[in-house]
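**Q** Chains as they are written, first to last, in the numbering used here: chain A, 62 to 387; chain B, 62 to 387.
Mind looking over this structure? Questions follow.
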DNA sequence: GGACGGCGAGAGAGCGCTCTCTGCGACAGG
DNA sequence: CCTGTCGCAGAGAGCGCTCTCTCGCCGTCC
């Protein structure tokens, strides 16, 4: 069970270590016969390159980090699997590892030092707290970083997002086309870009909409809907800024004796799994999470391989998924 | 923006590289004054050890892999965040990285070679396909590995699981205490240990229960409940072997005009987020996923640090979470 | 007083790899 | 025929760290 080194491969193939290395790394200028000899030696010895040794000289870790909020904030977040899946799709064929880090005491600092000491080549930041100084430090240090979602304050950083405003407009037009007269919205938290944009996009289409605030959680969906029914009992169409909130809100409608969508049409946002567990299934605005995650990975890898490439952001178009709720 | 090396720290502190290394790694036998000098040098230079170099000589990657089934099978799986969170809790304080790998073509082989070439110190396998040869290869090679859940075939491998049988019994006794007379169960897939054990544990308590098969998915919960109502319309208590299936099954009950729990009591299994998105909220058997994940991490780390330690498995006790459905 | 033991610091040999630089042979051009 | 050029393989110098081995120093015991 001893390790096979390049040295040994070279010896078996009867070439120098340098030539063996050239073959392993697919360098062009190696004679065909030697190349074959080396390849045979590799498979006969079962050689696997030692990543640490390679990494020591190339100064690449071939690993990127995915920084997530902690479990509480991820709770019931149906995105995680999709995000991981999208990133994986891009990253795996290149042999790059995906390192997961959940926010906890000191995580972001740890990520920073992992980056600085060459253990990570770059990071993707998800659900970043606007007050968090780490993204700023990262770009200042010129380290590769991509944000999931537009930052609250404009900053010279690459991010990938869906056009939240356009998505909300999609929802608004759906409710209008359903001939709803008394239209309301339950918003997300107004200290986040997504929360702000979804409200703004909706109000642009339905300026006289009734607005009740939520914070994207199921819990807040329940509370907001109760409040809405109290202050506006004749509501017949509502845009709820996250599926999770809609999931909490719909039973409130049912308990009040209203039928969805006959009495009140409901449109959500996210097309998360919560949209399918609602009764009736939710009409919602879809964000292509997996594709967005893949794009984040691509952007990050680009930054890593071309350190001086321009920072640019990518905005995906949302689409409306029509189901039974509105 | 040049890197600081140990060499430089040593120079600044006026000691040898060896001594600086001893301080960094907390070795005991260093004079207090020198130790302080080195620590000052470290913070004044902003030194961070290069992991690749260390890893090259220690032959430890300080990284473990988490092998997951692909997105399709994870779909709506509410566990992922909890698992990651539990593993993270154990692993982070030790500076060990968590590398996520979603099953795709060649993933498991890639994981195997990552292990062999020293890029990963060990792996946690989740939702392993019973036919998968990789776990066998891993233990054969003596590589550190822990399974989430009992393997289908007994094998000398460390795993962490909840007592599925006891959990099903808990559900059974709950339904009996509710005075249900006509009791049924919707099972998980019978080619998985969890599916088998939950059925067996339930039947041990309610031998005459009506049995309808599902496969843990929401979809199958819908179908199974429809079938159940057809063949056994007077059912008044049902144990559904996953919350996700229950989530699909409850609306079927509602549509048939039955009230939950008044006409039919429902008990699920998992205490996943699906239990909260059901209407009414689900009474369910709880598995302490986060704690189990933490234990998996601990077991894996033990195997890594003590290669010849005995293989042992850990079984957690389930508990019943009583909510509104039964 | 000399030999010995123990403790703590330094020297230096790698770990396995990449990559530059050198050298050698073949070929073309003057 | 000699020099210049080019292509390709080998030699060897690190990359930054750990860890063994050696050595010097001091205290102790005979």
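Here a beta-carbon is modelled for each residue, glycine too, at the ideal position from N, C-alpha and C.
Just reading off the alpha helix (DSSP H) that residue 211 of chain A is part of, what are its end residues?
**A** If you look at residue 211 of chain A, you'll find it isn't in any alpha helix (DSSP H); DSSP assigns it neither H nor E.
**Q** Using a Cβ-Cβ cut-off of less than 8 Å, give me the residues of the stretch 337 to 357 of chain A that come near chain B, in sequence order.
**A** 337, 338, 339, 340, 351
**Q** Applying a beta-carbon distance threshold of less than 9 Å, which residues of chain A neighbour residue 322 of chain B?
**A** Near residue 322 of chain B there are no residues of chain A at all, since even the closest Cβ is about 15 Å away, more than 9 Å.
**Q** In terms of residues, what are the limits of the alpha helix (DSSP H) holding residue 245 of chain B?
**A** Taken as a continuous stretch (DSSP letters only), residue 245 of chain B belongs to no alpha helix (DSSP H), being part of the beta strand (DSSP E) at 244 to 248.
**Q** Could you spell out the range, first to last residue, of the alpha helix (DSSP H) harbouring residue 263 of chain B?
**A** 254 to 266
**Q** Going by Cα to Cα distance, which pick from B/216, B/200, B/222 is closest to residue 210 of chain B?
**A** Nearest of B/216, B/200, B/222 to residue 210 of chain B, Cα basis: B/222.
**Q** Which chain A residues are close to residue 114 of chain B, counting only those with a beta carbon under 7 Å from its beta carbon?
**A** 117
**Q** Between residue 149 of chain A and chain B, is there a C-beta pair that is closer than 8 Å?
**A** Yes, because at least one Cβ of chain B sits closer than 8 Å to the Cβ of residue 149 of chain A.
**Q** Would you mind listing the alpha helix (DSSP H) stretches within the stretch 72 to 118 of chain B that are 4+ residues and don't spill past its ends, in chain order?
**A** 78 to 85, 93 to 106
**Q** From what residue to what residue does the alpha helix (DSSP H) around residue 168 of chain A run?
**A** 168 to 177
**Q** In angstroms with no decimal places, state the Cα-to-Cα distance between residue 368 of chain A and residue 205 of chain A.
**A** 8 Å
**Q** Flag this pair as yes or no: are the beta carbons of residue 300 of chain B and residue 328 of chain B separated by less than 8 Å?
**A** yes
**Q** Could you tell me the distance, in whole angstroms, from the CA atom of residue 384 of chain A to the CA atom of residue 344 of chain A?
**A** Just so you know, the alpha carbons of residue 384 of chain A and residue 344 of chain A end up roughly 4 Å apart.
**Q** On a Cα-Cα basis, can you pick out the residue from B/207, B/114, B/224, B/241 that is closest to residue 217 of chain B?
**A** B/207
**Q** Just curious, the beta strand (DSSP E) that residue 126 of chain B is in, first and last residue?
**A** 124 to 129 is the span of the beta strand (DSSP E), which, as asked, contains residue 126 of chain B.
**Q** So with CB distances below 7 Å, who are the chain A contacts of residue 159 of chain B?
**A** 160, 161
**Q** Restricting to Cα atoms, I'd like to know which of A/353, A/374, A/130, A/325 is closest to residue 433 of chain A.
**A** Shown here, chain A extends from 62 to 387; a query on residue 433 of chain A therefore has no answer.
**Q** Quick check: the stretch 71 to 89 of chain B against the stretch 347 to 365 of chain A, are there 3 or more CB pairs under 8 Å?
**A** no
**Q** Using a Cβ-Cβ cut-off of 6 Å (strictly less than) and excluding sequence neighbours within five positions of residue 376 of chain A, which residues of its own chain qualify?
**A** 222, 224
**Q** Indicate whether at least one CB of chain A lies closer than 8 Å to the CB of residue 231 of chain B.
**A** At a cut-off of 8 Å between beta carbons, residue 231 of chain B makes no contact with chain A.
**Q** Does chain B have any CB closer than 8 Å to the CB of residue 99 of chain A?
**A** Not closer than 8 Å to any Cβ of chain B, the Cβ of residue 99 of chain A fails to qualify, so no.
**Q** Please report the residue range of the beta strand (DSSP E) in which residue 326 of chain A lies.
**A** 326 to 331
**Q** When the Cα atoms are used, what is the spatial distance from residue 269 of chain A to residue 317 of chain B?
**A** Going by the C-alpha atoms only, they are around 40 Å apart.
**Q** Residues of the stretch 305 to 321 of chain A in Cβ contact with chain B at a cutoff of 7 Å, in chain order, please.
**A** 308, 312
**Q** Quick one: what does DSSP say residue 319 of chain B is sitting in, helix, strand or coil?
**A** In the structure shown, residue 319 of chain B sits in coil (DSSP, three-state: anything other than H, G, I, E or B).
**Q** Answer with yes or no whether the minimum CB distance from residue 142 of chain A to chain B is below 8 Å.
**A** yes
**Q** For residue 145 of chain A, go through chain B and note every residue whose CB falls closer than 7 Å to its CB, in chain order.
**A** 161, 163
**Q** Give the residues of chain B in contact with residue 335 of chain A, contact being defined as C-beta atoms less than 8 Å apart.
**A** Around residue 335 of chain A, the beta-carbon contacts reaching into chain B at under 8 Å are 338.
**Q** Of all Cβ atoms in chain A, is any one closer than 8 Å to the Cβ of residue 290 of chain B?
**A** no
**Q** Please identify, using Cβ separations under 9 Å, the residues of the stretch 168 to 185 of chain A that lie next to chain B, in order along the chain.
**A** 168, 171, 174, 175, 177, 178, 179, 180, 181
**Q** What number of angstroms, rounded off, separates the C-alpha of residue 174 of chain A from the C-alpha of residue 161 of chain B?
**A** 20 Å
**Q** Using 10 angstroms around the beta-carbon of residue 107 of chain A, count the other beta-carbons present and answer buried if the total reaches 16, otherwise exposed.
**A** Using a 10 angstroms sphere on the CB of residue 107 of chain A, the tally of other CB atoms stays under 16, which defines it as exposed.
**Q** Just to confirm the assignment, what range does the beta strand (DSSP E) spanning residue 373 of chain A have?
**A** Run containing residue 373 of chain A: none; DSSP gives neither H nor E here.
**Q** Residue 111 of chain B CB to nearest chain A CB: under 8 Å?
**A** yes
**Q** If I measure Cβ to Cβ from residue 91 of chain B and keep anything under 7 Å in the same chain, skipping five residues before and after, which residues do I get?
**A** 80, 83, 84
**Q** Opposite residue 186 of chain B in the DSSP bridges: which residues?
**A** B/128, B/208
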